[in-house]
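J.: Dropping the structure in here first, questions after.
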Amino acid sequence: EADIYQTPRYLVIGTGKKITLECSQTMGHDKMYWYQQDPGMELHLIHYSYGVNSTEKGDLSSESTVSRIRTEHFPLTLESARPSHTSQYLCASSEALMGHTEAFFGQGTRLTVV
Amino acid sequence: QKEVEQNSGPLSVPEGAIASLNCTYSDRVSQSFFWYRQYSGKSPELIMSIYSNGDKEDGRFTAQLNKASQYVSLLIRDSQPSDSATYLCAGLGDSGGSNYKLTFGKGTLLTVNP
């Protein structure tokens with residue numbers, strides 16, 4: 685079983701609020717990812733990290749920001765939430781080396797901005 | 716061409732039949748390949764990984780990789796209603812330097828009818 689955790693699982697918040705979605709893993713994985721997924725739709729990569737102090741924007745433009753100060757922690761922040769940010773946010777992690785590079789997902793955070 | 720493409724589906728098979736899911740990929744995704752299963756409202760769960768040409772079997776699941784034709788497939792034998800889910804194909808591709816990025820297809824919705 686993968687040891688990757690996301691909090692909160694569900695969040696309903698008002699427009700304009702600042703929020704941080706937490707993602708932590710205890711597997712020592714170097715790579716971490718954030719995906720955004722609307723119901724019934726495909727996964728969109730919004731941020732990824734190859735290691736501490738390394739972050740890159742993904743394929744889908746996002747107003748969110750991320751940081752990677754510790755290997756195990758990869759939080760995502762929205763400075764001013766809007767209804768268009770309503771979605772499910774999924775965090776994943778994997779090894780950085782070739783071979784055994786399976787990525788494991790957290791349970792997700794379902795965000796609703798009202 | 717998108718980096719990873721899946722047949723659009725949806726796919727419907729009767730219980731006990733073989734379900735065949737297919738995925739093609741571009742030159743930018745050429746390393747490792749993975750199949751994930753995602754139940755509605757849940758996060759993706761890794762079910763198979765394949766790294767070299769040929770077949771890889773795990774219980775009722777068989778993954779097939781053909782690098783010359785750039786496709787990867789998943790066969791589910793003796794399909795059960797509990798197999799009904801969206802199946803995501805993912806590949807690990809070169810995003811520059813020695814870094815590799817995990818890229819997902821759009822997914823194929825499989826329904827197994829009792």
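Here the protein sequences line up with chains A and B, keeping their order.
Start counting the first sequence at 685; every next residue gets the next number (the numbering used here).
Start counting the second sequence at 716; every next residue gets the next number (the numbering used here).
For every residue, glycine included, the Cβ atom is placed at its ideal position computed from N, Cα and C.
Computed from a prediction, not measured in an experiment: that's the story for all the values here.
#1: Using beta carbons (cut-off 9 Å, strictly below), is Leu803(B) in contact with chain A?
#2: For chain A, is any of its Cβ atoms less than 9 Å away from the one on Leu726(B)?
#3: Counting pairs of Cβ atoms below 8 Å between the stretch 743 to 754 of chain B and the stretch 799 to 806 of chain B, do you hit three or more?
#4: Phe819(B) CB to nearest chain A CB: under 9 Å?
#5: What separation, rounded to the nearest whole angstrom, lies between the Cα atoms of Phe789(A) and Lys715(A)?
#6: Below 8 Å on C-beta distance, what does Phe788(A) contact in chain B?
#7: Comparing C-alpha positions only, which one of Thr823(B), Thr826(B) and Gly806(B) sits nearest to Phe749(B)?
#8: Per DSSP, what kind of secondary structure is Pro796(B) in: helix, strand or coil?
#9: Return yes when the Cβ of Glu763(A) is within less than 9 Å of the Cβ of Ile786(A), no when it is not.
#10: Determine contact between the stretch 782 to 794 of chain B and the stretch 731 to 745 of chain B, defined as no fewer than three beta-carbon pairs at a distance below 8 Å.
#11: Use the C-beta contact count for Tyr734(A): other C-beta atoms within 10 angstroms, 16 or more gives buried, fewer gives exposed.
#12: Give me the residue from Gln720(A), Tyr732(A) and Arg794(A) with the minimum Cα distance to His757(A).
#13: Evaluate Ala778(B) with the Cβ neighbour count: other Cβ atoms within 10 Å of its Cβ, from every protein chain shown; 16 or more gives buried, anything less gives exposed.
#14: Given a cut-off of 9 Å on the beta-carbon distance, is the pair Lys821(B) and Glu726(A) in contact?
T.: According to the structure shown:
#1: yes
#2: no
#3: yes
#4: yes
#5: 12 Å
#6: Leu761
#7: Gly806(B)
#8: helix
#9: According to the sequence displayed, residue 786(A) carries Glu and not Ile. Taking 9 Å as the Cβ cut-off, Glu786(A) and Glu763(A) do not qualify as a contacting pair.
#10: yes
#11: buried
#12: Tyr732(A)
#13: buried
#14: yes
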